[in-house]
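Inspection log for the structure reproduced underneath, given as structure tokens.
Set out below in structure tokens:
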């Protein structure tokens, strides 16, 4: 078996059964403390396997003006079936009037990572 074949065998997607149930949810907050509180709440509720928090600069249109702010981006790896309860939990802890809560499909992942996410997330 070639090295390329061995690597391909470790990838999910069309090759080994798909990752259609995996998503990455993006949420932005105004503070690192707020981001950490949301991350802990989501992890404690088993609605995500992992949350990355990064400081970012956002430029956006709000109330007729273009704004620029430092924000904190949470990227949560989870399953599609967890999106609704995850979004409700984020809304309970969020300070924005209109928070960004968006889900992006995961089109490929290593088999082991996809299995780990599925084991960590509890979808009722």
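Residue numbers (my numbering): 1 to 124. Even glycine gets a Cβ: it sits at the ideal position worked out from N, Cα and C. Owing to the predicted nature of the structure, the values given are computational and were not obtained by experimental measurement.
{"Asked": "Cα-Cα separation between residue 99 and residue 107, rounded to whole angstroms", "Found": "25 Å"}
{"Asked": "Close beta carbons around residue 1, own chain, < 7 Å, minus the five adjacent residues each side", "Found": "Caution applies to residue 1, whose pLDDT of 48 falls short of 50 and renders its modelled position unreliable; the value that the coordinates give is listed next. For residue 1, where only same-chain residues beyond five positions count, there are no Cβ hits under 7 Å."}
{"Asked": "Beta-bridge pairing of residue 54 - partner residues as DSSP gives them", "Found": "73"}
{"Asked": "At least 3 beta-carbon pairs within less than 8 Å: the region 62–77 vs the region 37–48", "Found": "yes"}
{"Asked": "Backbone CA spacing between residue 58 and residue 101 [nearest angstrom]", "Found": "15 Å"}
{"Asked": "For residue 90, three-class secondary structure by DSSP", "Found": "helix"}
{"Asked": "Expected contact under 8 Å - CB spacing of residue 121 and residue 82 to nearest Å", "Found": "5 Å"}
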